[in-house]
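Trainee: Pasting a structure below so you can have a look.
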Amino acid sequence: MTPSIAVWGPNVYVVVYLYNNNLPDSSGIYYKFSTDNGLNWSHEIFLTPTDYCVPKIKVYGNNIHIVWDGNYNGKQVIFYKHSTDNGNTWSENIRLTNEDESLRPSIAVEGNNVHLVWTDFRDGHQEVYYKRSTNNGFDWSDDI
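Here it is as C-alpha cells:
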C-alpha cells in the first residue's frame, strides 16, 4: 500500500494503490474520505485500474486532484484525475506526459492553480520537469 492524505477543514481524503492477487482487475487506485475529521469514513471507491504506482492527492475547497505514474502503451507516464464536486464525480484519466520513464510526480494546489513536477529521462539523464494548470486541471501548459 502507498497511501497519500490531504485535508481541507474537517474533510480528510485518502488515496491508495491496492493490488489484489485474486482479482487483478480490481488492482488500482482507491479513494476514501471523511467529513468529520477522520472519525467516520466512506467505503472504498475504486477510481481507476493501473499497475503499481504511488498516487498523490491534494485538495483545495471542493477540488480534489490526484496524480500518479503508470503504464501507457509500454511507457511509464504521468496521469491526472480530478473532481470539482468534493469527490462525487471524477474526470477521466488525463495523460500529462508523453515521455517514457516519467516518474515520481508531486503536485501542489492553490486556488485554481495546479502545479506538477516529476522526473524523466528524455535527454538521456534524469531531470526534473514542471507544468501547470490555471483552471483546476482542465488545461495544462507545456513541459518546462
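Residues 1369 to 1512 (our numbering) are what the sequence shown spells out, left to right. Glycine residues also receive a C-beta, built at the ideal position from the N, C-alpha and C atoms.
#1: Counting contacts by CB-CB distance shorter than 7 Å, is His-1483 in contact with chain B?
#2: Per DSSP, which residues does Pro-1423 bridge with? Please list them.
#3: Let me know if Ser-1501 comes out buried or exposed under the rule of 16 or more other beta-carbons within 10 Å of its beta-carbon.
#4: Please classify Asp-1511: does DSSP put it in a helix, a strand, or coil?
#5: Could you check where the beta strand (DSSP E) with Trp-1436 kicks off and where it finishes?
#6: Tell me the residue span of the beta strand (DSSP E) that contains Asp-1488.
#7: Considering only C-alpha positions, which residue in the set Asn-1480, Gly-1438, Glu-1478, Ser-1470 is nearest to Asp-1511?
#8: Is the separation between the beta-carbon of Asn-1370 and that of Val-1445 shorter than 7 Å?
#9: Please list, in chain order, all residues of the same chain as Leu-1415 whose beta carbon is under 8 Å from its beta carbon, the five residues on each side excluded.
#10: Under the rule that 16 or more other beta-carbon atoms within 10 Å means buried, what is Phe-1447, buried or exposed?
Mentor: Walking through what the data contain:
#1: In the structure shown, chain B does not exist; there is a single protein chain.
#2: Within the sequence shown, numbered from 1, the residue matching residue 1423 stands at position 55. For Pro-1423, which the question treats as bridged, DSSP gives no partner whatsoever.
#3: Taking the sequence shown and counting its residues from 1, the one referred to as residue 1501 is at position 133. Buried.
#4: Counted from its first residue, the sequence shown places residue 1511 at position 143. Three-state result, Asp-1511: coil.
#5: In the sequence shown, residue 1436 corresponds to position 68, counting from 1. Start and end: 1431 to 1440.
#6: For the purposes of this step, residue 1488 is taken as the residue at position 120 of the sequence shown. First-last of the beta strand (DSSP E) with Asp-1488: 1481 to 1488.
#7: Here the question's residue 1511 lines up with position 143 in the sequence shown. Cα-wise, what sits closest to Asp-1511 is Ser-1470.
#8: If you number the sequence shown from 1, residue 1370 lands on position 2. If you number the sequence shown from 1, residue 1445 lands on position 77. Looking at the sequence shown, residue 1370 is not Asn but Thr. No, Cβ-Cβ distance for Thr-1370 and Val-1445 is not below 7 Å.
#9: The residue labelled residue 1415 in the question sits at position 47 within the sequence shown. Counting only Cβ-Cβ distances below 8 Å, and skipping sequence neighbours, we find Val-1383, Gly-1396, Ile-1397, Tyr-1398, Tyr-1399, Ile-1434, Lys-1449, Trp-1458.
#10: Taking the first residue of the sequence shown as position 1, residue 1447 is located at position 79. The residue in question, Phe-1447, is buried, as its Cβ has 16 or more Cβ neighbours within 10 Å.
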